[in-house]
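Engineer:
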Ligand SMILES: Cc1cc2nc3c(=O)[nH]c(=O)nc-3n(C[C@H](O)[C@H](O)[C@H](O)COP(=O)(O)OP(=O)(O)OC[C@H]3O[C@@H](n4cnc5c(N)ncnc54)[C@H](O)[C@@H]3O)c2cc1C
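In my numbering, the protein residues as written are 278 to 584.
Below is the structure:
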């Protein structure tokens, strides 16, 4: 990897001086408020993205694309190479019952745009604190809805080309998609919604927000549900049955309000979270025989056997 002054200067020329930062603390860009420094943090306009990637690839500098950092645990030792944020890729357009949004648009804003146009189908997503691209990548879902139900096509950057991928080619599964299997960057995506009544859409969004508020520790930094839902069970219930509600390692604790969440009680490190995850998995396996699997994505330099 050759992150020389010359490369940094060229990146600044392409993406703009203010959009290229060195040694950027990732804890500023994750909802967990955890994470060491990315060697270089770039927020290019969508039109400059391919040129930035071409240069990084030519210089053999690895890169990761991130959205709102709401499903990420970043290593305390930071991230090798570049982090490219989709922040600012946020155009949204509506034509009839078809809504198209760029990857960096916040999902809540996309859902509110659907509401403004009296389009139903995205109510489930209004309270998910991620970007639209992150939601497509994760096939985010809640309260019976999933991105896979509404996505009809996704525009990606892959192997130096911009390509259109149809909904079925996305191979969506539970919190998974084809985009997780290769270096795809989601640029924008299109959804087919259905005509609805504004009052009903707003009422559904309000009710789901109330349920979230009641059940989830939204006042503390977290990355949402840490574990995938094991078939036939709820991760939170298994964790609670294993006696782990409130269990704490360093600054990280199993939430008192929702045992499926790990919260940062102040000053938590990625190591604290990883150790807590390992302890929870072990205890739950011992208690119920179920093997929990992480939903959150761990990125950055290796710091122990978990990542
Ligand atoms: C309080 C709270 C509640 C939550 N509730 C839910 C919920 O109900 N349902 C649910 O599914 N999730 C939930 N989450 C998790 C999270 O919000 C979702 O997974 C969300 O979709 C992640 O989007 P993001 O933009 O934050 O992605 P990030 O965390 O930034 O990234 C997640 C992954 O997506 C990749 N990625 C992001 N954008 C792109 C792109 N444009 N192209 C290619 N790859 C990309 C990243 O590389 C990374 O691997 C919750 C999180 C919190 C903190």
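Don't be surprised by glycine CBs; every beta carbon is placed ideally from N, CA and C. These numbers come from a predicted model, not from an experiment.
At the level of alpha carbons, what is the spacing between residue 528 and residue 498?
Structural biologist: Roughly 11 Å between the two C-alpha positions.
Engineer: Under 8 Å, with one C-beta from each stretch per pair, do the stretch 515–525 and the stretch 484–498 reach the 3-pair mark?
Structural biologist: Output reads no: the stretch 484–498 does not touch the stretch 515–525.
Engineer: Using CA coordinates, which residue listed in 370, 339, 436, 548 is at the minimum distance from residue 357?
Structural biologist: For the residues 370, 339, 436, 548, the minimum Cα distance to residue 357 belongs to 339.
Engineer: Can you tell me where the alpha helix (DSSP H) holding residue 414 begins and where it ends?
Structural biologist: Looking at the DSSP string, the run of the alpha helix (DSSP H) that includes residue 414 is 409–415.
Engineer: What residue range is occupied by the uninterrupted beta strand (DSSP E) comprising residue 378?
Structural biologist: Where residue 378 is concerned, the enclosing beta strand (DSSP E) stretches over 375–379.
Engineer: State the Cα-Cα distance for the pair residue 321 and residue 539, rounded to the nearest angstrom.
Structural biologist: Answer to the nearest angstrom: the Cα atoms are 32 Å apart.
Engineer: What would DSSP say about residue 281, mapped onto helix, strand or coil?
Structural biologist: Residue 281 falls in the coil class under three-state DSSP.
Engineer: What are the boundary residues of the beta strand (DSSP E) that includes residue 429?
Structural biologist: That run of the beta strand (DSSP E) goes 428–435.
Engineer: State the DSSP-derived secondary structure class of residue 583, mapped to helix, strand or coil.
Structural biologist: Confidence at residue 583 is low in this model, with a pLDDT of 48, below 50, so its placement is unreliable and the value that follows should be read with caution. Looking at residue 583 - three-state DSSP - the assignment turns out to be coil, as it is neither helix nor strand.
Engineer: For a test of the three-state rule: what should DSSP assign to residue 345, helix, strand or coil?
Structural biologist: Coil at residue 345, not helix or strand.
Engineer: Please find out if some non-hydrogen atom of ligand 1 comes closer than 6 Å to the beta-carbon of residue 451.
Structural biologist: Outside the cutoff, so no.
Engineer: Can you tell me which of the three DSSP states residue 332 falls into?
Structural biologist: Correct three-state label for residue 332: helix.
Engineer: Using the rule of at least 16 other Cβ atoms within 10 Å of the residue's Cβ for burial, across every protein chain shown, is residue 363 buried or exposed?
Structural biologist: Buried, by the Cβ-count rule.
Engineer: Taking the C-alpha atoms as reference points, what is the distance between residue 455 and residue 416?
Structural biologist: Whole-angstrom Cα-Cα distance: 10 Å.
Engineer: Could you check if residue 318 is buried or exposed, using at least 16 other CB atoms within 10 Å of its CB as the buried criterion?
Structural biologist: With 16 or more other Cβ atoms within 10 Å, it is buried.
Engineer: Would you mind reading off the limits of the beta strand (DSSP E) that contains residue 443?
Structural biologist: Here the beta strand (DSSP E) through residue 443 covers 438–443.
Engineer: Does the beta-carbon of residue 477 have 16 or more other beta-carbons within 10 angstroms, so that it is buried, or is it exposed?
Structural biologist: Classification of residue 477: exposed, given that the 10 Å Cβ count is below 16.
Engineer: Suppose you measure from the CA of residue 583 to the CA of residue 349; what does that come to, to the nearest Å?
Structural biologist: No answer about residue 583 holds up, because its pLDDT of 48 lies below 50 and its placement is not dependable.
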